[in-house]
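My numbering applies: residue 124 is where the sequence shown begins, and numbers increase by one.
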Amino acid sequence: MRLIRVSKIFLSVVFMVMLITTGCQDVDIQLNTPEGSKNDDVIKIGFSMGTLQEERWQRDRDIFVARAQELGAEVIVLNAYNDSEEQIRQTGYLIEQGIDILIVIPNDADKGIEMVNLAKKAGIKVICYDRIIKNANVDLYVSFDNVKVGELMAKALVEEVPTGNYVILKGSPTDYNSTMLYEGHMKILKDYIRRGDIKIVAETWAKDWAREYGFQCVEETLEKGIKIDGIIAGNDGLAAAAIEALSEKRLAGKVAVVGHDADLAACQRVVEGTQLMTVYKPIEKLAKAAAEAAIKMANGQEFNVYDTINDGKYDVPYFMIQPIPVTIDNMQSTIIKDSFHRMEDIYINIPQYQWPKE
Numbered sequence: 124m125r126l127i128r129v130s131k132i133f134l135s136v137v138f139m140v141m142l143i144t145t146g147c148q149d150v151d152i153q154l155n156t157p158e159g160s161k162n163d164d165v166i167k168i169g170f171s172m173g174t175l176q177e178e179r180w181q182r183d184r185d186i187f188v189a190r191a192q193e194l195g196a197e198v199i200v201l202n203a204y205n206d207s208e209e210q211i212r213q214t215g216y217l218i219e220q221g222i223d224i225l226i227v228i229p230n231d232a233d234k235g236i237e238m239v240n241l242a243k244k245a246g247i248k249v250i251c252y253d254r255i256i257k258n259a260n261v262d263l264y265v266s267f268d269n270v271k272v273g274e275l276m277a278k279a280l281v282e283e284v285p286t287g288n289y290v291i292l293k294g295s296p297t298d299y300n301s302t303m304l305y306e307g308h309m310k311i312l313k314d315y316i317r318r319g320d321i322k323i324v325a326e327t328w329a330k331d332w333a334r335e336y337g338f339q340c341v342e343e344t345l346e347k348g349i350k351i352d353g354i355i356a357g358n359d360g361l362a363a364a365a366i367e368a369l370s371e372k373r374l375a376g377k378v379a380v381v382g383h384d385a386d387l388a389a390c391q392r393v394v395e396g397t398q399l400m401t402v403y404k405p406i407e408k409l410a411k412a413a414a415e416a417a418i419k420m421a422n423g424q425e426f427n428v429y430d431t432i433n434d435g436k437y438d439v440p441y442f443m444i445q446p447i448p449v450t451i452d453n454m455q456s457t458i459i460k461d462s463f464h465r466m467e468d469i470y471i472n473i474p475q476y477q478w479p480k481e
């Protein structure tokens with residue numbers, strides 16, 4: 124059985140955490156209700172999260188719930204623990220609870236269509252949050268420009284290491300963001316590869332974004348005696364795994380590594396010199412926009428968007444936010460300025476006299 128940690132995140136938030144059993148797995152449910160609201164007219168949002176594995180997803184959840192409650196809505200949050208079948212079952216549970224709209228971070232871009240079909244059958248609109256569901260024609264997709272994220276990562280690496288051997292650690296094969304990131308990488312790398320300046324000596328998928336796949340790929344490449352000059356990691360968790368493998372060969376800081384998500388540990392590695400860069404995706408903007416869109420759409424109101432994305436079959440309305448590359452040079456003007464992380468936390472392992480001046 125999984126242990127559930129309950130924390131008081133906002134004074135105005137009432138967390139009621141329960142365990143239910145669906146199939147053979149314990150699942151945590153968070154019922155987040157605006158204080159004092161027992162009105163049946165309150166909008167009820169179902170938030171189905173494929174995972175809370177990475178730091179960023181916990182931040183997404185907390186900001187989304189806080190904004191939805193500010194606007195008077197109730198949110199039921201479910202975590203599927205990277206289990207696609209469990210997430211489908213949880214969708215049925217959310218529908219039974221009388222939700223007015225469904226927000227989904229799908230664990231599987233293909234299997235997610237079953238969740239959409241369940242919701243549509245019940246007359247419930249669906250918003251995909253930061254991960255698209257393929258061929259499903261959802262009502263809205265809110266995310267960052269994930270192809271651009273991939274471009275920024277590859278661009279930073281080729282500027283630092285324009286020739287040599289690269290390793291690419293792709294994300295989960297069931298997460299379509301992984302495909303979009305890779306598309307962005309290749310937009311930048313293709314000419315370098317064609318000219319022979321860069322050689323991809325190893326690449327791998329990381330099931331469920333699990334770090335061990337990244338560690339194993341880098342470790343095995345090094346054990347074969349292959350020199351690695353640069354590593355593109357699908358997220359900062361995989362970057363951490365790559366750097367761990369490098370450190371075992373005393374190569375951490377000597378091989379350029381890029382990632383994305385700007386989690387705290389990654390920002391620490393950037394200023395410490397073991398990770399070249401990360402990509403900052405302003406989660407607060409995304410989560411608040413998703414909460415506002417959910418409430419408007421549940422009330423039958425328009426939520427204006429100006430872009431679309433093809434899900435493989437349909438053009439889906441796309442609320443897109445631009446990502447920001449982050450290196451040691453602009454850490455203060457991006458991450459710290461936006462209070463995404465505090466300077467004292469990022470520079471915790473750096474002598475204070477070396478901190479940037481505020």
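Note that beta-carbon positions come from the ideal geometry of N, C-alpha and C, so glycine has one too.
Short of 8 Å from the beta carbon of Trp-180, and not among the five residues preceding or following it, lie these beta carbons of its own chain, in chain order: Met-172, Thr-174, Ile-228. Take the alpha-carbon of Gly-360 and the one of Val-324: they are about 21 Å apart.
Contiguous alpha helix (DSSP H) elements confined to the region 173–238 occur at 178–193, 207–219, taking only those with 4 or more residues. The residues Lys-167, in chain order, have a CB closer than 8 Å to that of Gly-221 in the same chain once the five nearest residues on each side in sequence are set aside. Judged by their CB atoms, Pro-446 and Val-402 are nearer to each other than the 8 Å cut-off. DSSP, read as helix, strand or coil, puts Gly-169 in strand.
Here the alpha carbons of Ser-301 and Ala-277 stand approximately 14 Å from one another.
The criterion of a C-beta distance shorter than 8 Å is satisfied by Ile-199 and Leu-217. Put simply, the backbone Cα of Asn-422 is about 29 Å away from that of Gly-435. The residues Ala-385, Cys-390, Val-393, Met-400, Thr-401, Val-402, Tyr-403, Thr-457, Ile-458, in chain order, have a CB closer than 8 Å to that of Val-449 in the same chain once the five nearest residues on each side in sequence are set aside. The residue from Gln-176, Leu-194, Glu-177 with its alpha-carbon nearest to that of Ala-416 is Leu-194. Pairwise C-beta distances place the region 251–261 out of contact with the region 345–364, as fewer than three of them are shorter than 8 Å. Under the three-state reduction of DSSP, Val-428 is assigned to coil, being neither helix nor strand.
Listed in chain order, the non-local C-beta contacts of Ile-311 below 7 Å within the same chain comprise Glu-274, Ala-277, Lys-278, Val-281, local neighbours out to five positions each way being set aside.
Only exposed fits Gly-319, as fewer than 16 other CB atoms lie within 10 angstroms of its CB. Across the set Glu-467, Asn-427, Ile-418, Glu-425, the C-alpha of Ile-418 shows the shortest separation from the C-alpha of Asp-164.
Of all alpha-carbon atoms in Ala-356, Ala-196, Asn-205, Asn-288, the one lying nearest the alpha-carbon of Gly-348 is that of Asn-288. In the DSSP assignment, Asp-320 falls outside any alpha helix (DSSP H) and carries neither an H nor an E. In the DSSP assignment, Leu-292 is bridged to Thr-327, Ala-356. Residue burial annotation: Gln-475 is exposed, with fewer than 16 other C-beta atoms found within 10 angstroms of its C-beta. Considering only Leu-409, Asn-269, Pro-296, the residue with the shortest C-alpha distance to Asp-185 is Leu-409.
Leaving aside the five residues that flank Met-420 on each side, the residues in its chain whose CB is nearer than 8 Å to its CB run, in chain order, Ile-224, Lys-248, Ile-250, Asp-262, Leu-263, Phe-426. Take the alpha-carbon of Trp-328 and the one of Asn-453: they are about 30 Å apart.
Between Asp-298 and Ala-232 a beta carbon distance of about 6 Å is seen, short of the 8 Å cut, so the two are scored as contacting. As computed with DSSP, Cys-390 is found in no beta bridge at all. Considering only Glu-407, Asn-230, Glu-177, Tyr-429, the residue with the shortest C-alpha distance to Arg-190 is Glu-407.
The beta carbons of Gly-382 and Ala-414 sit no closer together than 8 Å. Annotated three-state conformation of Val-272 is helix, per DSSP. Residue pairing by DSSP puts Phe-267 in a beta bridge opposite Ile-444. Bounds of the alpha helix (DSSP H) holding Ile-418 are 406–421.
Counting along the chain, no alpha helix (DSSP H) covers Thr-286, and no H or E run does either.
Looking at Lys-480, Ile-473, Glu-283, Asp-253, the one whose alpha-carbon comes closest to that of Lys-411 is Asp-253.
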